Amino acid sequence: MRPRPLLPLLLVVALGLSACGESGSGAAAGGGKADARTAAKVAKDRFGDQWTTDFSQASVPFAEIMDGGPPRDGIPPIDDPKAVGLEAGDAILSPEDPVMVVEVGGEARAYPIRIMIWHEIANDTLGGKPIAVTYCPLCNSAIVFERELDGRTLTFRALGDGRFGDRQTGSTWDITGRAVSGKLAGERLERLEQ
19 MRPRPLLPLL
29 LVVALGLSAC
39 GESGSGAAAG
49 GGKADARTAA
59 KVAKDRFGDQ
69 WTTDFSQASV
79 PFAEIMDGGP
89 PRDGIPPIDD
99 PKAVGLEAGD
109 AILSPEDPVM
119 VVEVGGEARA
129 YPIRIMIWHE
139 IANDTLGGKP
149 IAVTYCPLCN
159 SAIVFERELD
169 GRTLTFRALG
179 DGRFGDRQTG
189 STWDITGRAV
199 SGKLAGERLE
209 RLEQ
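Positions 19 to 212 (the working numbering) are the ones given, in order, by the sequence shown.
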């Protein structure tokens with residue numbers, strides 16, 4: 019059994035103590051100046067400079083926001099997955115195991131859903147084309163994209179909630195294959211119909 023972090027308890031205690039010394043005037047929508055300062059300090063201590071959210075602008079108190087997602091790179095992608103033949107596959111999978119079948123350029127490959135649940139992204143090459151096989155376990159959706167964009171081959175990692183990021187620019191992509199933030203914001207990956 020994995021021990022639960024003390025962060026939620028410490029946040030509640032810190033917020034409770036900070037609330038004792040704050041008056042109601044000048045409070046932000048998110049629960050007050052002390053709440054925003056505490057949130058900013060906790061975020062800075064835990065995440066360093068990678069978290070730049072302005073906690074003074076909030077519509078809910080910080081105490082109600084819990085870190086439940088994986089840490090950065092906590093969902094490891096599969097890079098250049100090793101394909102196995104039917105005989106080896108039969109030893110690993112049962113006939114009832116669902117797979118995602120992808121065909122590109124006359125070459126086909128099956129990606130077992132029970133493996134994709136843990137990785138969410140497979141950076142692969144199929145039919146001579148670099149592809150990203152994406153799977154969102156929250157909505158049980160699988161989409162395949164070309165990884166080449168403007169002559170550059172991108173590699174991706176899962177960010178959670180159906181989003182993924184490229185390692186080359188750090189841009190964030192949504193489930194439609196559109197970059198929603200970062201250097202490639204506004205760009206779109208070509209979706210491969212399956």
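Virtual Cβ for every residue (Gly too), placed ideally from N, Cα, C. None of these values were measured; they are calculated from a predicted model.
>> Taking its Cβ as the centre, do 16 or more other Cβ atoms sit within 10 Å of E211, making it buried, or is it exposed?
In response: As a first step, residue 211 must be located in the sequence shown, where it is residue number 193. Per the 10 Å Cβ criterion, exposed.
> If G145 and G124 are in contact, beta carbons under 8 Å, what's the gap, nearest whole angstrom?
Replying inline: Position 127 of the sequence shown, counted from the start, is the residue given in the question as residue 145. Position 106 of the sequence shown, counted from the start, is the residue given in the question as residue 124. Going by Cβ atoms, the distance from G145 to G124 rounds to 6 Å, so yes, they are a contact pair.
> Got a sec, what are the start and stop residues for the alpha helix (DSSP H) D108 sits in?
Replying inline: In the sequence shown, the residue the question calls residue 108 occupies position 90. Segment L104 to I110, the alpha helix (DSSP H) holding D108.
> Quick one: is A109 buried, meaning 16 or more other Cβ sit within 10 Å of its Cβ, or exposed?
Replying inline: As a first step, residue 109 is located in the sequence shown; it is residue number 91 there, counting from the start. The residue is exposed, with fewer than 16 neighbouring Cβ atoms inside 10 Å.
> Where L202 and S189 are concerned, what is the direct C-alpha to C-alpha distance, given to the nearest angstrom?
Replying inline: For the purposes of this step, residue 202 is taken as the residue at position 184 of the sequence shown. For the purposes of this step, residue 189 is taken as the residue at position 171 of the sequence shown. Distance between L202 and S189, taken at the CA atoms: about 6 Å.
>> Taking the beta carbon of P95 as the centre, do at least 16 other beta carbons fall within 10 Å, making it buried, or is it exposed?
In response: For the purposes of this step, residue 95 is taken as the residue at position 77 of the sequence shown. Flag for P95 reads buried.
> What first and last residue would you give for the beta strand (DSSP E) that runs through I139?
Replying inline: The residue given as residue 139 occupies position 121 in the sequence shown. In this chain, the beta strand (DSSP E) harbouring I139 covers I139 to L144.
> Do you know how far the Cα of L156 is from the Cα of G180?
Replying inline: On the sequence shown, residue 180 is found 162 positions in, with the first residue counted as 1. On the sequence shown, residue 156 is found 138 positions in, with the first residue counted as 1. About 8 Å.
>> If I follow the unbroken beta strand (DSSP E) through R175, where does it start and stop?
In response: Residue numbering aside, residue 175 sits at position 157 when the sequence shown is read from its first letter. Annotation: the continuous beta strand (DSSP E) that includes R175 extends over F174 to G178.
> Which same chain residues, not among the five before or five after P116, have their C-beta less than 7 Å away from its C-beta?
Replying inline: Position 98 of the sequence shown, counting from 1, holds the residue named residue 116. Around P116, the same chain offers I131 as residues with beta carbons nearer than 7 Å, after the five sequence neighbours per side are excluded.
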